[in-house]
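**Student:** So that we are looking at the same thing, I have put the structure below in structure tokens.
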Amino acid sequence: MREIGHFIGGKHVAGTSGRTSNVYNPATGEVQATVALASVEELRAAVANAKAAQPKWAATNPQRRARVFFKFVELLNQNMDELAVLLSSEHGKTVEDSKGDIIRGLEVCEFVCGIPHLQKGEFTEGAGPSIDMYSIRQPVGVGAGITPFNFPGMIPMWMFAPAIACGNAFILKPSERDPSLPIRLAELMIEAGLPAGILNVVNGDKAAVDAILTDPDIAAVSFVGSTPIARYVYGTAAMNGKRAQCFGGAKNHMIIMPDADMDQAVNALMGAGYGSAGERCMAVSVAVPVGEDTANRLVEKLVPKIESLRIGPYTDDKADMGPLVTKDAYNRVNGLIDRGVEEGAKLVVDGRGFKLQGYEDGYFVGGTLFDHVKPDMDIYKTEIFGPVLSVVRAKNYEDALELPMKHEYGNGVAIYTRDGDAARDFASRINIGMIGVNVPIPVPLAYHSFGGWKASSFGDLNQHGTDSIKFWTRTKTITARWPSGIKDGAEFVMPTMK
Ligand code: NAD
């Protein structure tokens with residue numbers, strides 16, 4: 266059995282805690298490896314190693330730091346096929362989808378190649394008599410990232426790319442479900458010229474996370490995962506004096522106005538609802554057609570497409586989607602479909618009991634569609650995180666707008682319409698972080714920032730974009746006077762601009 270350990274000081278290090286977790290092939294249900302779960306002592310050792318390496322890296326000029334990322338991007342592109350297969354083998358998503366996962370992270374690495382410009386400070390000449398004032402952005406020291414299973418390429422890179430480019434050392438605690446790709450990324454960073462110790466990968470579970478949250482040498486924590494854990498990490502990090510940005514779950518709606526191009530909307534819903542088996546924080550899980558006629562047309566067009574979804578293992582290059590990540594996820598999603606039926610939603614396409622020949626023990630759930638879902642149902646309130654789309658019929662635009670407005674989560678939302686006025690009104694009034702206008706999954710590009718509102722995000726700075734440079738640096742402001750002549754006496758009144 267393959268054993269996945271940690272990656273510390275530029276080397277693979279075996280786990281010593283005696284605790285491990287299984288890593289499955291989700292298509293077959295077989296255990297393909299075990300991953301070490303770090304103890305507090307192992308985490309502390311990784312932090313000590315990072316802390317020792319960090320000052321020299323911070324003192325490396327920003328152009329040289331950028332060059333590591335230029336080279337890393339080149340290595341990612343050269344190794345893309347191998348990396349995508351490695352990701353898919355533990356996550357279960359299709360290889361093409363895994364490439365998208367890696368490329369979205371790669372784009373953040375491209376963005377931070379601009380670190381010499383991004384990290385420049387501010388300067389005011391003559392802020393007072395013989396006084397200059399300037400602000401610089403210094404790295405926080407050692408930062409940490411705790412990441413979810415669903416994007417094991419993109420999300421670690423969202424975090425470590427800006428953190429490291431800014432001159433920090435970084436401790437990555439990836440998801441224990443698919444830990445191999447994050448370790449491979451750390452190896453490639455070393456190959457790209459990163460000094461040992463600047464990117465340490467420590468595998469683990471709650472024990473490792475708690476050790477991060479209480480470590481006195483970790484200054485900042487970035488978290489992406491489910492909302493209850495995001496809330497916990499945010500509160501605990503803050504109590505321990507760390508800055509934190511924590512991103513949680515989602516329930517993303519797509520409003521379909523009567524004037525929408527229905528074919529375009531249906532195709533968008535198929536990709537956004539069922540791609541990656543619905544295991545995306547920006548997946549669309551609620552469709553809100555406005556008016557009965559729109560709803561009927563929508564459901565009629567969706568059904569045959571859902572029924573003909575091609576579901577397969579990652580080795581099937583024609584598959585639209587793969588299995589869920591674990592048996593727990595499989596049981597949970599099936600249980601929620603049962604719940605929807607009990608609650609009285611109309612199950613139009615039932616993905617329960619889907620079996621693939623030769624993969625009977627895989628965690629496959631077929632594409633599922635509920636119609637006539639109501640806002641008080643559990644299947645509406647809960648993030649299902651599976652290939653299950655709910656149709657909530659709205660009478661008019663205001664009713665449709667109210668649904669995502671009142672929902673606990675506020676990650677993403679989309680509107681399909683040909684009416685610019687409706688789209689503009691929607692984008693202006695909605696209380697959600699990322700809005701798509703005729704775009705189903707509005708994930709901002711690397712040079713903008715990613716983040717939801719409400720229970721989808723805790724903290725005030727988003728992932729990537731200029732927000733990330735602010736998050737991973739501290740501002741220091743220097744007021745300097747170089748007197749041009751000899752000055753007599755001290756001033757005892759509060760200095761003001763004269
Ligand atoms: P998760 O919350 O179970 O795990 C996330 C991380 O937290 C993992 O590294 C895990 O080891 C750790 N963890 C788990 N339980 C913990 C505990 N009790 N105490 C401390 N740490 C713990 O999430 P997941 O299942 O890996 O990922 C899916 C979730 O992530 C979904 O809710 C999805 O919406 C969300 N997500 C959000 C975004 C976003 O940007 N908002 C992006 C991707 C995924």
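Just so we're on the same page, our numbering is the position in the sequence shown counted from 1, plus 265.
The C-beta atom is built at its ideal place from N, Cα and C for all residues, glycine as well.
From a predicted model like this one, the values you see are computed outputs, not experimental measurements.
Identify the residues that DSSP records as bridge partners of arginine 284: which are they?
**Tutor:** Counting from one through the sequence shown, the residue named residue 284 turns up at place 19. In the DSSP output, where bridge partners are listed per residue, arginine 284 has none listed.
**Student:** Classify threonine 633 as buried or exposed, calling it buried when 16 or more other Cβ atoms lie within 10 Å of its own Cβ.
**Tutor:** The residue given as residue 633 occupies position 368 in the sequence shown. Threonine 633 should be labelled buried.
**Student:** Under 8 Å, with one C-beta from each stretch per pair, do the region 470 to 477 and the region 337 to 351 reach the 3-pair mark?
**Tutor:** The region 470 to 477 is not in contact with the region 337 to 351.
**Student:** Distance check for tyrosine 628 and threonine 293, CA to CA, integer angstroms please.
**Tutor:** Sequence index remark: in the sequence shown, residue 293 carries index 28 (1-based). Sequence index remark: in the sequence shown, residue 628 carries index 363 (1-based). Near 8 Å, if we compare the C-alpha coordinates of tyrosine 628 and threonine 293.
**Student:** Can we count glutamate 441 as close to ligand 1, meaning its CB is less than 7 Å from some heavy atom?
**Tutor:** Residue mapping note: residue 441 aligns to position 176 of the sequence shown, counting from 1. It does: the Cβ of glutamate 441 is within 7 Å (strictly closer) of some heavy atom of ligand 1.
**Student:** Would you decide whether serine 693 is buried or exposed? Buried here means 16 or more other CB atoms lie within 10 Å of its CB.
**Tutor:** The sequence position of residue 693 within the sequence shown is 428, counting from 1. So serine 693 ends up on the exposed side.
**Student:** So, do the region 385 to 400 and the region 330 to 340 have three or more beta carbon pairs nearer to each other than 8 Å?
**Tutor:** No, the region 385 to 400 is not in contact with the region 330 to 340.
**Student:** Between which residues of its own chain and tyrosine 399 is the CB-CB distance below 8 Å, once the five residues before and five after are set aside?
**Tutor:** Reading the sequence shown from its first residue, position 134 is the one you call residue 399. Cβ within range, chain order: Gly386, Glu387, Phe388, Thr389, Thr742, Ile743, Ala745.
**Student:** Can you tell me which of the three DSSP states isoleucine 649 falls into?
**Tutor:** As a first step, residue 649 must be located in the sequence shown, where it is residue number 384. Three-state DSSP puts isoleucine 649 in coil, outside helix and strand.
**Student:** Which word fits tyrosine 290, buried or exposed, when buried means at least 16 other C-beta atoms lie within 10 angstroms of its C-beta?
**Tutor:** As a working note, residue 290 is residue 25 in the sequence shown. The sequence shown places asparagine at residue 290, rather than the tyrosine named in the question. It is buried - the Cβ of asparagine 290 has at least 16 other Cβ atoms within 10 Å.
**Student:** Where does lysine 316 fall in DSSP's three states?
**Tutor:** As a first step, residue 316 is located in the sequence shown; it is residue number 51 there, counting from the start. Note: lysine 316 maps to helix in three-state DSSP.
**Student:** Let's test the definition: count the other Cβ atoms within 10 Å of the Cβ of serine 487 and tell me whether it reaches 16, buried, or not, exposed.
**Tutor:** Here residue 487 refers to the residue found at position 222 of the sequence shown. By the neighbour-count rule (16 or more Cβ atoms within 10 Å), serine 487 is buried.
**Student:** Just to confirm, are asparagine 415 and arginine 545 a CB contact at a threshold of 8 Å?
**Tutor:** Walking along the sequence shown from the start, residue 415 turns up at place 150. Walking along the sequence shown from the start, residue 545 turns up at place 280. Contact: yes.
**Student:** Enumerate in chain order the residues of its own chain whose CB-to-CB distance from glycine 584 is below 8 Å, with the five nearest sequence positions on each side excluded.
**Tutor:** Position 319 of the sequence shown, counted from the first residue, corresponds to residue 584. The question names glycine, but residue 584 is alanine in the sequence shown. Once the five neighbours on either side are set aside, the close Cβ partners of alanine 584 are Thr359, Arg575, Ile576, Gly577, Pro578.
**Student:** Based on the DSSP secondary-structure assignment, which residues constitute the bridge partners of tryptophan 718?
**Tutor:** Your numbering for residue 718 matches position 453 in the sequence shown. According to DSSP, which records beta bridges pairwise, tryptophan 718 is partnered with Gly675.
**Student:** Looking only at its chain, what residues have a beta carbon closer than 7 Å to the beta carbon of threonine 740, apart from the 5 residues adjacent to it on each side?
**Tutor:** Numbered from its first residue, the sequence shown carries residue 740 at position 475. Within the same chain, threonine 740 has close Cβ partners Ser400, Arg402.
**Student:** Under three-state DSSP, which class holds leucine 453?
**Tutor:** Sequence index remark: in the sequence shown, residue 453 carries index 188 (1-based). Leucine 453 falls in the helix class under three-state DSSP.
**Student:** Check the C-beta distance from leucine 341 over to isoleucine 367 and give it rounded, since I have them as a contact under 8 Å.
**Tutor:** On the sequence shown, residue 341 is found 76 positions in, with the first residue counted as 1. On the sequence shown, residue 367 is found 102 positions in, with the first residue counted as 1. About 6 Å; that satisfies the 8 Å criterion.
**Student:** Would you report the Cα separation of lysine 735 and glycine 283, rounded to the nearest angstrom?
**Tutor:** Counting from one through the sequence shown, the residue named residue 735 turns up at place 470. Counting from one through the sequence shown, the residue named residue 283 turns up at place 18. Using only the alpha carbons, I get a separation of about 39 Å.
**Student:** Let me check you understand the geometry: is the CB of aspartate 366 closer than 7 Å to at least one non-hydrogen atom of ligand 1?
**Tutor:** Counted from its first residue, the sequence shown places residue 366 at position 101. No, since every heavy atom of ligand 1 falls outside the 7 Å radius drawn around the Cβ of aspartate 366.
**Student:** What separation, rounded to the nearest whole angstrom, lies between the Cα atoms of aspartate 480 and glycine 506?
**Tutor:** Numbered from its first residue, the sequence shown carries residue 480 at position 215. Numbered from its first residue, the sequence shown carries residue 506 at position 241. Cα to Cα, aspartate 480 sits roughly 10 Å from glycine 506.
**Student:** Taking just the CA atoms, how far does glutamine 510 sit from methionine 699?
**Tutor:** Sequence index remark: in the sequence shown, residue 699 carries index 434 (1-based). Sequence index remark: in the sequence shown, residue 510 carries index 245 (1-based). Computed Cα separation, rounded: 17 Å.
**Student:** Could you give the DSSP three-state label for arginine 683: helix, strand or coil?
**Tutor:** Taking the first residue of the sequence shown as 1, we reach residue 683 at position 418. Arginine 683 falls in the coil class under three-state DSSP.
**Student:** Can you tell me whether valine 564 is helix, strand or coil according to DSSP?
**Tutor:** The residue you call residue 564 lines up with position 299 of the sequence shown. Here valine 564 sits in helix by DSSP.
**Student:** Decide if arginine 683 is buried, meaning its Cβ has at least 16 other Cβ atoms within 10 Å, or exposed.
**Tutor:** Residue numbering aside, residue 683 sits at position 418 when the sequence shown is read from its first letter. Arginine 683 is exposed by the Cβ-count criterion.
**Student:** Once DSSP output is grouped into helix, strand and coil, what is the label at glutamate 607?
**Tutor:** The residue you call residue 607 lines up with position 342 of the sequence shown. Correct three-state label for glutamate 607: helix.
**Student:** Helix, strand or coil, according to DSSP, for arginine 442 in the structure here?
**Tutor:** On the sequence shown, residue 442 is found 177 positions in, with the first residue counted as 1. Three-state result, arginine 442: coil.
**Student:** Which residue from Glu663, Ala502, Asn696 puts its Cα closest to that of glycine 716?
**Tutor:** Your numbering for residue 716 matches position 451 in the sequence shown. When only C-alpha atoms are compared, the closest one is Asn696.
**Student:** For histidine 729, count neighbouring C-beta atoms within 10 Å of its own C-beta (all shown protein chains included) and say buried if the count is 16 or more, exposed if not.
**Tutor:** By 1-based counting over the sequence shown, the position of residue 729 is 464. When all chains shown are included, histidine 729 counts as buried.
**Student:** Which one of Gly432, Pro413, Pro705 has the shortest CA to CA distance from lysine 321?
**Tutor:** Residue numbering aside, residue 321 sits at position 56 when the sequence shown is read from its first letter. Nearest of Gly432, Pro413, Pro705 to lysine 321, Cα basis: Gly432.
**Student:** Hey, would you say asparagine 468 sits closer than 8 Å to leucine 302, going by beta carbons?
**Tutor:** The count along the sequence shown starts at 1 and reaches residue 468 at position 203. The count along the sequence shown starts at 1 and reaches residue 302 at position 37. Contact flag set, yes.
**Student:** Report the rounded CA-to-CA distance for phenylalanine 272 versus valine 312, giving the unit in angstroms.
**Tutor:** Looking up residue 272 in the sequence shown gives position 7. Looking up residue 312 in the sequence shown gives position 47. Their backbone Cα atoms lie some 12 Å apart in a straight line.
**Student:** Report yes if the CB atom of glycine 513 is closer than 8 Å to the CB atom of alanine 679, and no otherwise.
**Tutor:** One-based indexing of the sequence shown puts residue 513 at position 248. One-based indexing of the sequence shown puts residue 679 at position 414. Cβ atoms of glycine 513 and alanine 679: not closer than 8 Å.
**Student:** Compute the Euclidean distance between the alpha carbons of aspartate 528 and valine 553, then round it to the nearest angstrom.
**Tutor:** Position 263 of the sequence shown, counted from the first residue, corresponds to residue 528. Position 288 of the sequence shown, counted from the first residue, corresponds to residue 553. Roughly 15 Å between the two C-alpha positions.
**Student:** On a CA-only basis, which of Gly754, Gly274, Phe723 is nearest alanine 502? Give me that one, please.
**Tutor:** Position 237 of the sequence shown, counted from the start, is the residue given in the question as residue 502. The shortest C-alpha separation from alanine 502 is found at Phe723.
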